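Beneath this line is the structure, given in structure tokens, with notes to follow.
Number of protein chains: 2
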Amino acid sequence: MICEILSVGTELLMGQIANTDAQYLSRKLSQMGITVYRHSVVGDNPDRLREAVKTALSRCDLLITSGGLGPTEDDITKEIVCEVMGFPLALHEESKEAIEAFFARVGREMTPNNLRQAMQPVGGIVMRNRKGTAPGCIVEKDGKIAAVLPGPPRELSGMFEDQLEPYLLQKTGLTFFSEYLRIVGVGESKVEAVLEDLFHSADPTLALYCAPGEVQARITAACRRGEDGSQKTAPVKKEIYRRLGNSVYAEGEDASMAATLLDMMRSRGMKLALAESCTGGLLASKLVALSGASDVLLASLVTYANSAKEALLGVPSTILNTCGAVSSECALAMARGAREKTGADCAISVTGIAGPGGGTPEKPVGTVYVGLSGPFGDKWERLSLTGDRTHIREVTCLYAMNLMRLAILSPDQ
Amino acid sequence: MICEILSVGTELLMGQIANTDAQYLSRKLSQMGITVYRHSVVGDNPDRLREAVKTALSRCDLLITSGGLGPTEDDITKEIVCEVMGFPLALHEESKEAIEAFFARVGREMTPNNLRQAMQPVGGIVMRNRKGTAPGCIVEKDGKIAAVLPGPPRELSGMFEDQLEPYLLQKTGLTFFSEYLRIVGVGESKVEAVLEDLFHSADPTLALYCAPGEVQARITAACRRGEDGSQKTAPVKKEIYRRLGNSVYAEGEDASMAATLLDMMRSRGMKLALAESCTGGLLASKLVALSGASDVLLASLVTYANSAKEALLGVPSTILNTCGAVSSECALAMARGAREKTGADCAISVTGIAGPGGGTPEKPVGTVYVGLSGPFGDKWERLSLTGDRTHIREVTCLYAMNLMRLAILSPDQ
Numbered sequence: 004m005i006c007e008i009l010s011v012g013t014e015l016l017m018g019q020i021a022n023t024d025a026q027y028l029s030r031k032l033s034q035m036g037i038t039v040y041r042h043s044v045v046g047d048n049p050d051r052l053r054e055a056v057k058t059a060l061s062r063c064d065l066l067i068t069s070g071g072l073g074p075t076e077d078d079i080t081k082e083i084v085c086e087v088m089g090f091p092l093a094l095h096e097e098s099k100e101a102i103e104a105f106f107a108r109v110g111r112e113m114t115p116n117n118l119r120q121a122m123q124p125v126g127g128i129v130m131r132n133r134k135g136t137a138p139g140c141i142v143e144k145d146g147k148i149a150a151v152l153p154g155p156p157r158e159l160s161g162m163f164e165d166q167l168e169p170y171l172l173q174k175t176g177l178t179f180f181s182e183y184l185r186i187v188g189v190g191e192s193k194v195e196a197v198l199e200d201l202f203h204s205a206d207p208t209l210a211l212y213c214a215p216g217e218v219q220a221r222i223t224a225a226c227r228r229g230e231d232g233s234q235k236t237a238p239v240k241k242e243i244y245r246r247l248g249n250s251v252y253a254e255g256e257d258a259s260m261a262a263t264l265l266d267m268m269r270s271r272g273m274k275l276a277l278a279e280s281c282t283g284g285l286l287a288s289k290l291v292a293l294s295g296a297s298d299v300l301l302a303s304l305v306t307y308a309n310s311a312k313e314a315l316l317g318v319p320s321t322i323l324n325t326c327g328a329v330s331s332e333c334a335l336a337m338a339r340g341a342r343e344k345t346g347a348d349c350a351i352s353v354t355g356i357a358g359p360g361g362g363t364p365e366k367p368v369g370t371v372y373v374g375l376s377g378p379f380g381d382k383w384e385r386l387s388l389t390g391d392r393t394h395i396r397e398v399t400c401l402y403a404m405n406l407m408r409l410a411i412l413s414p415d416q
Numbered sequence: 004m005i006c007e008i009l010s011v012g013t014e015l016l017m018g019q020i021a022n023t024d025a026q027y028l029s030r031k032l033s034q035m036g037i038t039v040y041r042h043s044v045v046g047d048n049p050d051r052l053r054e055a056v057k058t059a060l061s062r063c064d065l066l067i068t069s070g071g072l073g074p075t076e077d078d079i080t081k082e083i084v085c086e087v088m089g090f091p092l093a094l095h096e097e098s099k100e101a102i103e104a105f106f107a108r109v110g111r112e113m114t115p116n117n118l119r120q121a122m123q124p125v126g127g128i129v130m131r132n133r134k135g136t137a138p139g140c141i142v143e144k145d146g147k148i149a150a151v152l153p154g155p156p157r158e159l160s161g162m163f164e165d166q167l168e169p170y171l172l173q174k175t176g177l178t179f180f181s182e183y184l185r186i187v188g189v190g191e192s193k194v195e196a197v198l199e200d201l202f203h204s205a206d207p208t209l210a211l212y213c214a215p216g217e218v219q220a221r222i223t224a225a226c227r228r229g230e231d232g233s234q235k236t237a238p239v240k241k242e243i244y245r246r247l248g249n250s251v252y253a254e255g256e257d258a259s260m261a262a263t264l265l266d267m268m269r270s271r272g273m274k275l276a277l278a279e280s281c282t283g284g285l286l287a288s289k290l291v292a293l294s295g296a297s298d299v300l301l302a303s304l305v306t307y308a309n310s311a312k313e314a315l316l317g318v319p320s321t322i323l324n325t326c327g328a329v330s331s332e333c334a335l336a337m338a339r340g341a342r343e344k345t346g347a348d349c350a351i352s353v354t355g356i357a358g359p360g361g362g363t364p365e366k367p368v369g370t371v372y373v374g375l376s377g378p379f380g381d382k383w384e385r386l387s388l389t390g391d392r393t394h395i396r397e398v399t400c401l402y403a404m405n406l407m408r409l410a411i412l413s414p415d416q
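Heads up: the protein sequence lines correspond to chains D and R, in order.
For the first sequence, the working numbering assigns the number 4 to the initial residue and increments by one for each residue that follows.
For the second sequence, the working numbering assigns the number 4 to the initial residue and increments by one for each residue that follows.
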């Protein structure tokens with residue numbers, strides 16, 4: 004099935020927002036084995052929109068539009084798609100009631116304009132919108148399918164997953180089952196080399212995606228009705244674990260190192276403290292971003308100035324004067340200090356040079372010391388990172404959490 | 004001048020990346036008074052790419068492409084654009100030398116393939132690439148202009164600003180001068196109402212953009228050669244300051260509250276400490292993200308647990324037991340404690356309920372207390388924020404920094 008995605012909105016052509024709808028749909032469709040040949044964006048102009056719809060439908064089997072379903076005169080996507088496909092519109096009672104209920108719930112007044120959103124194609128499928136007022140629709144004729152989705156990303160993804168995805172999966176007769184493994188501490192080219200033979204399989208397929216400091220492996224199996232995808236992906240998954248061991252830190256598309264570490268420490272009843280210099284609170288912030296972090300995290304001492312390292316963490320001035328703040332000695336003293344001052348079971352410390360200034364030949368920009376203190380004893384590691392200030396701080400957080408994870412998993416190493 | 008943007012790359016159609024190139028170009032072109040009618044994306048397929056180039060050139064005056072300039076067989080954008088426009092390619096010595104120099108500098112070996120990147124249109128303008136190996140080019144014929152840019156965002160923006168932008172500004176005979184004012188603490192609709200009459204001006208124009216917790220006003224003047232844009236924007240700017248006063252916290256497209264506060268405190272020789280609960284290090288992280296934060300920021304005590312508020316900041320247990328951690332009393336004690344423990348001139352504290360859990364009828368999710376301590380005395384403010392955990396934490400940081408800024412500006416209020 005060949006698909007085109009047509010996004011409608013002057014705000015896209017003015018550069019006020021990026022077309023993340025097209026990215027989201029493309030990723031989802033590619034996972035379903037549907038090929039996307041083109042994206043297009045046009046503004047709220049009837050002639051150009053009509054021409055874009057006609058041209059796209061002349062070339063593809065499936066046209067998905069996003070945007071232009073609002074209540075104003077400018078919003079004409081549904082009208083034009085249905086006109087080109089030859090479906091008249093009529094008031095759809097259920098949509099009308101849903102829109103009225105939405106306005107009652109948020110306590111805003113409904114304008115007559117909003118009823119335009121309840122006009123739906125006769126003979127089409129109406130898709131309800133759980134997160135906004137604009138319903139979407141699907142019309143199908145002569146082997147061509149057009150699906151009309153709202154523009155706001157939350158509304159679009161909700162409607163796609165609830166309604167359009169199941170509809171398309173029924174059309175293709177296939178479902179796709181994916182598993183995601185998150186890999187840390189091994190570069191992409193190394194992961195690629197280690198797993199090389201596994202990429203030759205056509206079903207399940209294996210693909211790698213990169214993020215700062217980590218690699219994500221996706222294993223995807225195409226399944227006919229009744230087939231169990233997890234049975235098809237299991238051997239590949241097992242093989243990846245066998246070859247990469249502890250470098251696989253989590254499973255799942257939305258997994259994160261912060262969530263993995265929090266879960267691990269929560270299940271062991273462990274409390275954590277942090278002592279941060281170059282990450283400047285970013286590490287704490289990644290944990291606190293997750294609801295329920297308070298079960299584990301007691302405090303982070305962001306000691307950016309040397310005076311604060313002494314006063315708040317008790318780092319001896321001799322260490323600061325002799326070894327410097329960016330040293331294994333300082334990292335260890337910071338971690339021990341954070342543990343003592345807070346009474347936490349474990350502490351992570353970070354001190355380094357995030358740049359752009361401050362590097363020396365012995366300790367260039369990107370040199371970071373991570374200290375750990377816990378029931379496993381005290382440990383430290385020196386990282387040599389590349390990239391800009393933001394990248395160095397991001398990767399430092401990831402690696403620091405991973406070092407604590409490994410220390411808890413293998414306390415004797 | 005009517006423009007279309009054509010992006011080339013299978014990674015876009017697979018949803019691996021969002022089309023931020025099209026957004027960047029659209030924003031830049033709209034600021035220059037060039038109208039963008041369409042965005043398109045096609046993959047690395049010669050037939051579909053050729054058809055897209057022909058169609059676009061039949062409809063617009065200016066076609067800008069991004070992507071498909073790499074050294075591999077798949078990369079064919081330049082070849083196809085020049086073929087359609089009728090410009091033969093030949094080896095461009097200067098580009099060849101630049102590519103050789105690039106490889107020598109990064110210490111990687113150059114492959115014969117890379118020389119394809121030095122093939123350039125005879126009679127066209129070659130645009131050098133300061134951040135990668137692929138040069139771009141401009142070809143112009145029969146009133147149509149086609150500009151070919153590389154895909155990686157840093158390379159694209161560098162080449163646009165260095166070379167394509169000046170070329171287009173010469174074509175349009177106009178330059179655009181913009182000023183940006185950042186406004187905090189006043190909602191978008193309020194700003195719109197207060198400035199209402201100023202939106203009616205055709206030159207300079209006034210436009211508003213929103214970000215979490217703040218509004219950005221852009222004043223843009225169209226200038227003929229020799230005209231001074233700042234003279235045209237000055238009266239509008241003055242008027243905005245007159246009406247919004249201290250709510251305008253900075254000027255400039257890349258300004259931020261963190262940079263504003265750091266600059267302000269640096270110039271006064273003031274040192275800052277933070278005490279964070281619900282922001283969990285995010286506030287410190289926003290300051291540390293800026294190189295040179297160490298001139299001002301001494302430390303942040305991220306006291307997520309109540310025990311840490313007592314142990315690290317000396318918040319009396321009576322306050323925690325009687326008023327609770329989310330209270331003006333606790334916020335004040337945290338700010339005073341941070342100042343005392345670090346010896347800073349000023350301290351900001353934050354304690355609140357970021358959600359989704361933890362709200363009560365008296366203190367619903369979004370209730371945040373900000374405490375300030377400094378030469379101006381001790382102050383506190385209660386914020387009532389809406390949105391999800393991320394939004395509440397972001398806006399809290401912005402407002403907390405703004406409260407410190409206002410306290411330093413007007414110590415007697």
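All residues carry an ideal CB built from backbone N, CA and C; glycine is no exception.
This structure is a prediction, so every number in the text was calculated from the model and none was measured.
Integer-rounded CB distance, given that residue j should sit under 8 Å from residue i
i: P492(R); j: R131(R); result: Residue 492(R) lies beyond the residue range present for chain R, which begins at 4 and ends at 416; the question has no answer from this structure.
i: A220(R); j: D206(R); result: About 16 Å separates the two Cβ atoms, so there is no contact after all.
i: L211(R); j: E191(R); result: 6 Å
i: T80(R); j: V11(R); result: 5 Å
i: A334(D); j: W383(D); result: 5 Å
Beta-carbon spacing of residue i, residue j below 7 Å
i: L9(R); j: S43(R); result: yes
i: P153(D); j: L72(D); result: yes
i: T345(R); j: A311(D); result: yes
i: S280(R); j: T354(R); result: yes
i: P215(R); j: V39(R); result: no
i: S376(D); j: A350(D); result: yes
i: G188(D); j: G284(R); result: no
i: V251(D); j: L159(D); result: no
i: I186(R); j: V194(R); result: yes
Residue nearest to residue i in terms of C-alpha spacing, selected from the options
i: R227(R); options: G340(R), T393(R), L172(R) and S376(R); result: L172(R)
i: T75(R); options: T136(R), L65(R) and A104(R); result: T136(R)
i: E343(R); options: L409(R), L304(R) and G358(R); result: L304(R)
i: A149(D); options: T306(D), C6(D), K382(D) and P359(D); result: C6(D)
i: L118(D); options: K134(D), G127(D) and L94(D); result: L94(D)
i: T263(D); options: V373(D), P359(D), Y27(D) and L293(D); result: L293(D)
i: D348(R); options: F180(R), L300(R), G46(R) and E158(R); result: L300(R)
i: I83(D); options: E168(D), L66(D) and N309(D); result: L66(D)
i: M467(D); options: V318(D), T325(D), L323(D) and M4(D); result: The structure shown does not extend to residue 467(D), since chain D is modelled only from 4 to 416, so the question has no answer here.
i: I460(R); options: A341(R), L386(R) and G374(R); result: Coverage of chain R is limited to positions 4 through 416, which leaves residue 460(R) absent and any answer about it impossible.
i: C85(R); options: M122(R), G46(R), A296(R) and P359(R); result: M122(R)
Residue-chain proximity (residue i, chain D), Cβ-Cβ < 7 Å
i: Q219(R); result: no
i: N249(R); result: no
i: H42(R); result: yes
i: L316(R); result: no
i: N22(R); result: yes
i: M162(R); result: no
i: V39(R); result: yes
Assigned exposure category for residue i - 16 Cβ within 10 Å defines buried
i: D24(R); result: buried
i: E182(R); result: buried
i: R41(R); result: buried
Cβ of residue i within 7 Å of any chain R Cβ
i: P124(D); result: no
i: G307(D); result: The residue asked about is misnamed: residue 307(D) is Tyr in this sequence, not Gly. Taking Cβ atoms only, chain R reaches closer than 7 Å to Y307(D), which makes this a yes.
i: R30(D); result: yes
i: G374(D); result: no
i: G18(D); result: yes
i: A311(D); result: yes
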